[in-house]
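Visitor: Below is the structure I would like to discuss, written out as structure tokens.
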Amino acid sequence: MRKKHVMSIVLTSLLITVLSGCGTASKTTTSAAETKAPVSSAKAEEPKGKSTTLRIGYQKYGTVNFLKANGELEKVLKEKGITIQWTEFPGGPQLLEAMNVGSIDVGHTGEAPPIFAQAAGTPLVYLGHEPASPASEAILIPEKSEIKSVAELKGKKVALNKGSNVHYLLVKQLEKAGLKYEDIQVVFLPPADARAAFEKGSVDAWVIWDPFFSAAETSAKAKILADGKDSVANHEFYLASRSYAESNKETIKTFLDQLAKVDIWSKDHPKELAETLSPQLGIDVPSLLRAANRRAYGIQPIDETLINEQQKIADTFFKLGLIPKEIKVKEAVLPATK
Numbered sequence: 018m019r020k021k022h023v024m025s026i027v028l029t030s031l032l033i034t035v036l037s038g039c040g041t042a043s044k045t046t047t048s049a050a051e052t053k054a055p056v057s058s059a060k061a062e063e064p065k066g067k068s069t070t071l072r073i074g075y076q077k078y079g080t081v082n083f084l085k086a087n088g089e090l091e092k093v094l095k096e097k098g099i100t101i102q103w104t105e106f107p108g109g110p111q112l113l114e115a116m117n118v119g120s121i122d123v124g125h126t127g128e129a130p131p132i133f134a135q136a137a138g139t140p141l142v143y144l145g146h147e148p149a150s151p152a153s154e155a156i157l158i159p160e161k162s163e164i165k166s167v168a169e170l171k172g173k174k175v176a177l178n179k180g181s182n183v184h185y186l187l188v189k190q191l192e193k194a195g196l197k198y199e200d201i202q203v204v205f206l207p208p209a210d211a212r213a214a215f216e217k218g219s220v221d222a223w224v225i226w227d228p229f230f231s232a233a234e235t236s237a238k239a240k241i242l243a244d245g246k247d248s249v250a251n252h253e254f255y256l257a258s259r260s261y262a263e264s265n266k267e268t269i270k271t272f273l274d275q276l277a278k279v280d281i282w283s284k285d286h287p288k289e290l291a292e293t294l295s296p297q298l299g300i301d302v303p304s305l306l307r308a309a310n311r312r313a314y315g316i317q318p319i320d321e322t323l324i325n326e327q328q329k330i331a332d333t334f335f336k337l338g339l340i341p342k343e344i345k346v347k348e349a350v351l352p353a354t355k
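In terms of the numbering used here, the sequence shown opens at residue 18 and continues consecutively.
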């Protein structure tokens with residue numbers, strides 16, 4: 018037990034050294050709580066009025082992870098009497114389902130999840146977004162696959178996380194190749210299960226985002242059949258439940274301000290970032306460094322151009338029958354940011 022305790026102290030010291038050497042605070046306040054998805058599907062009571070807790074949903078990569086690692090948000094909010102609860106999700110759809118049932122207040126996803134969620138009645142609002150990172154998602158094939166083009170996916174099994182950002186990538190790539198969505202066999206699997214199916218040969222291709230994408234390249238020798246360049250934008254969005262955003266504007270502003278700060282640091286320190294996140298995410302440093310170097314940084318407000326881009330995706334999904342009804346994306350934007 019003493020040996021384990023000493024080892025724990027050593028590992029903690031190493032993480033603090035990495036973060037402090039980068040000019041970023043590393044202390045995580047004791048007020049922060051962390052849980053793991055899945056969450057209950059029962060409707061939770063949404064916070065009314067100002068809340069003393071900020072419940073953040075996050076995935077296995079993105080600026081929110083960097084924010085969690087440096088501990089600055091806990092420090093700032095603690096001074097205001099607000100604690101944080103972190104919950105990890107395998108993908109954007111699962112994260113927004115938790116928001117729908119009132120289990121989290123804010124989170125981050127790609128382009129498609131908020132569209133599926135809005136169509137399902139989730140009371141969400143867009144807060145901001147990262148610049149386009151089209152090279153951060155791709156259609157992968159096994160190292161020894163004989164498939165040479167997207168057109169050759171006709172009749173093949175393609176795995177992806179239903180309703181995730183890569184769903185739109187697949188649609189656009191099939192369109193470019195002259196194929197219809199129904200020309201392939203779509204297999205809906207979350208990232209971990211999709212990776213297993215991909216390596217076993219149970220599926221012919223896998224549509225996935227970073228860092229799962231970079232990890233598959235590094236450890237599974239997966240090949241890129243097509244990435245998002247010249248077909249999709251692939252924005253990362255920050256979202257909140259409408260009730261929380263309307264009642265906790267100051268906390269939301271603090272959240273976005275701290276995201277912006279850590280975003281700037283991350284852009285300039287990709288290696289340190291990868292080394293910091295590796296033990297937290299359970300993904301090797303080379304894979305995280307590859308992912309860090311091909312994404313864009315710099316939080317931007319929601320504007321008409323972005324709303325129109327999201328609307329185009331929503332209209333495409335409706336025409337394909339992937340969402341049950343037409344939606345107006347602008348209805349999920351707070352008046353101050355329209």
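Glycine included, C-beta positions come from ideal geometry on N, C-alpha and C.
Would the beta-carbon of Leu156 fall within 8 Å of that of Ala243?
Guide: Here residue 156 turns out to be Ile, not Leu, going by the sequence shown. In contact: Ile156 and Ala243 (Cβ atoms closer than 8 Å).
Visitor: Could you spell out where the beta strand (DSSP E) holding Asp244 opens and where it closes?
Guide: 240 to 244 is the span of the beta strand (DSSP E), which, as asked, contains Asp244.
Visitor: What's the gap between the Cα of Ser181 and the Cα of Lys238?
Guide: Going by the C-alpha atoms only, they are around 23 Å apart.
Visitor: Using a 10 Å radius around the Cβ and a threshold of 16 neighbouring Cβ atoms, would you call Asn310 buried or exposed?
Guide: Asn310 is exposed by the Cβ-count criterion.
Visitor: Apart from the five residues on each side of it in sequence, which residues of its chain come closer than 6 Å, Cβ to Cβ, to Ser231?
Guide: Around Ser231: Ser304, Arg307, Ala308.
Visitor: Drop a sphere of 10 angstroms on the beta-carbon of Arg325, count the other beta-carbons inside from all chains shown, and report buried for 16 or more, exposed for fewer.
Guide: Sequence inspection shows Asn at residue 325; the Arg mentioned does not correspond to that position. Result: exposed.
Visitor: Can you tell me whether Ile158 is buried or exposed, with buried defined as 16 or more other CB within 10 angstroms of its CB?
Guide: Ile158 should be labelled buried.
Visitor: Please report the distance separating the alpha-carbon of Glu105 from that of Tyr75.
Guide: The alpha-carbon atoms of Glu105 and Tyr75 are separated by roughly 5 Å.
Visitor: For the alpha helix (DSSP H) containing Val188, list its first residue and its last residue.
Guide: From DSSP, the alpha helix (DSSP H) with Val188 extends over 182 to 193.
Visitor: Measuring alpha carbon to alpha carbon, tell me which of Pro107, Lys345, Ala149 ends up nearest Gly315.
Guide: Out of Pro107, Lys345, Ala149, Ala149 has the C-alpha closest to the C-alpha of Gly315.
Visitor: Could you work out which residue in Trp223, Lys217, Gly195, Arg212 is closest to Gln202 when comparing CA atoms only?
Guide: Minimum Cα distance to Gln202 is reached at Trp223.
Visitor: State yes or no: is the C-beta of Gly145 within less than 8 Å of the C-beta of Pro318?
Guide: Against a cut-off of 8 Å, the Cβ pair of Pro318 and Gly145 comes out as a contact.
Visitor: Mind checking whether Asn178 and Leu206 have CB atoms under 8 Å apart?
Guide: Yes, the Cβ-Cβ distance between Asn178 and Leu206 is below 8 Å.
Visitor: Does the beta carbon of Ser153 sit closer than 8 Å to a beta carbon anywhere in chain C?
Guide: Absence of chain C from the displayed structure is noted, only one protein chain being present.
Visitor: Expressed to the nearest angstrom, what Euclidean distance is found between the alpha-carbon atoms of Val346 and Lys77?
Guide: In a straight line, the C-alpha of Val346 is about 26 Å away from that of Lys77.
Visitor: Could you check which residue in Glu199, Trp226, Pro352, Glu192 has the C-alpha nearest to that of Glu321?
Guide: Closest by alpha carbon: Pro352.
Visitor: Taking the DSSP output, what are the residues bridged to Tyr255?
Guide: In the DSSP output, where bridge partners are listed per residue, Tyr255 has His125, Gly145.
Visitor: Please give the ranges of any alpha helix (DSSP H) in the segment 302 to 351, keeping only runs that are unbroken, at least 4 residues long and fully inside the region.
Guide: 302 to 310, 321 to 336, all fully within the segment 302 to 351.
Visitor: For Ile225, which three-state DSSP category applies?
Guide: It is a strand residue.
Visitor: Would DSSP call Val81 helix, strand or coil?
Guide: The answer is helix: DSSP assigns Val81 an H, G or I state.
Visitor: Check this for me: beta carbons of Thr139 and Leu112, under 8 Å apart or not?
Guide: Going by C-beta atoms, Thr139 is not nearer than 8 Å to Leu112.
Visitor: Please state the DSSP three-state secondary structure of Ser58.
Guide: Note that Ser58 has pLDDT 41, beneath the 50 cutoff, so the model's placement of it is unreliable and the number below is only indicative. DSSP places Ser58 in coil when its eight states are reduced to three.
Visitor: Under a Cβ-count criterion, where at least 16 other Cβ atoms within 10 Å of its own Cβ denotes burial, should Thr69 be classed as buried or exposed?
Guide: That one is exposed.
Visitor: Quick check on Ala211: buried or exposed, where buried means 16 or more other Cβ atoms within 10 Å of its Cβ?
Guide: Answer is buried; the Cβ neighbour count reaches 16.
Visitor: Quick check on the DSSP output: the beta strand (DSSP E) that includes Leu157 runs from which residue to which?
Guide: Run containing Leu157: 154 to 158, per the beta strand (DSSP E) assignment.
Visitor: Identify the continuous alpha helix (DSSP H) that holds Val279 and give its terminal residues.
Guide: Taken as a continuous stretch (DSSP letters only), the alpha helix (DSSP H) holding Val279 covers 266 to 285.
Visitor: Relative to the alpha-carbon of Ser16, which residue among Tyr198, Gln190, Phe229 has its alpha-carbon at the smallest distance?
Guide: Because the chain here runs from 18 to 355, residue 16 falls outside it and cannot be looked at.
Visitor: Does Lys171 come out as helix, strand or coil in the three-state DSSP assignment?
Guide: In this structure, Lys171 counts as coil in the three-state DSSP scheme.
Visitor: Got a sec? Which residues, its chain only, sit under 7 Å from Leu294 by beta carbon, not counting five neighbours each side?
Guide: Excluding positions up to five away in sequence, the list reads Asn82, Ala86, Leu305.
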